[in-house]
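Last residue of the sequence shown: 170 in our numbering, with the numbers rising by one and none dropped.
Backbone N, C-alpha and C define an ideal beta-carbon position, used for all residues, glycine too.
What follows is a set of notes on a single structure, which appears directly below.
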Amino acid sequence: MAHTSNRPVDWVALVTENENRLYRAALAILGEPQEAEDAVQDAFVKYLERAPKDVENPAAWLMRVLVNGCKSRLRLQWRQVTQLPEDLPAPSPEEREELEELWQLPPEERAAIHLFYYEGYSTREIAAMTGVAEGTVRSRLSRARERLRKLLGDVERSNYESIHGIL
């Protein structure tokens, strides 16, 4: 039996339009550039191999597959989350500190924050992508916001105290 591909007529456009968005989402979830690249490649390969011929929204299908692939990667026992890589662009030290705080969130909360705020997905869409209830997504967003408020509040307070010599 011959293998058939789901390759769309304009494969280059599909990849070009989605690769950066998928990479940012994978990096937000996984925290490592090499793993994020692998996850994006896996999502495109799965599209070619498994996507239904009549996919209504290829970008949403790819994001759902990517998120599920990232969740699978996070379950691997050998995987260790590392600090934010030094080669990522961070224009200022203050922004760098905020990114470090974001990386302290659990992967599920990082994923919810990224998909909601950076990708613009609704809680319903995120729930469908991640396979959890919509209420769970809202809870994760709420917990992540609260943790970030506390983490960033402590950073701002310590910056203020060190600037004004109140230690």
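Query: Going by CA-CA distance only, name the one from VAL58, SER145, VAL43 and ALA62 that's closest to GLY72.; Result: VAL43
Query: Quick one: residues in its chain with C-beta nearer than 6 Å to the C-beta of ASN23, no 5 flanking neighbours on either side, listed in chain order?; Result: none
Query: Following the continuous alpha helix (DSSP H) through ASN23, name the residue where it begins and the one where it ends.; Result: 14 to 33
Query: When the Cα of TRP106 is compared with those of VAL18, ASP13 and ILE32, which residue comes out closest?; Result: ILE32
Query: Taking the CB atoms as reference points, tell me whether VAL108 and LEU69 lie closer together than 9 Å.; Result: One detail in the question is off: residue 108 reads as Leu in this sequence, not Val. For LEU108 and LEU69, no; Cβs fall outside 9 Å.
Query: Excluding the 5 residues preceding and the 5 following ARG148 in the sequence, name in chain order all residues of the same chain whose CB lies nearer than 6 Å to its CB.; Result: none
Query: I need the DSSP call for ASN71, collapsed to helix, strand or coil.; Result: helix
Query: Between PRO61 and TYR50, is the Cβ-Cβ spacing less than 9 Å?; Result: yes
Query: CA-CA distance, THR133 and GLU122?; Result: 14 Å
Query: Here's a check: name, in chain order, each residue in its chain whose Cβ is nearer than 7 Å to the Cβ of ALA29, leaving out the five neighbours to either side.; Result: ALA39, ALA42, VAL43, LEU69 and CYS73
Query: Please state if the CB of MET66 and the CB of LEU118 are separated by a distance shorter than 9 Å.; Result: yes
Query: Could you spell out the range, first to last residue, of the alpha helix (DSSP H) harbouring GLU112?; Result: 110 to 116
Query: Would you identify the three-state DSSP class for PRO182, choosing helix, strand or coil?; Result: Residue coverage of the chain in this structure runs from 4 to 170, which leaves residue 182 outside it and unanswerable.
Query: Would you decide whether VAL140 is buried or exposed? Buried here means 16 or more other CB atoms lie within 10 Å of its CB.; Result: buried
Query: Under the rule that 16 or more other beta-carbon atoms within 10 Å means buried, what is GLU112, buried or exposed?; Result: buried
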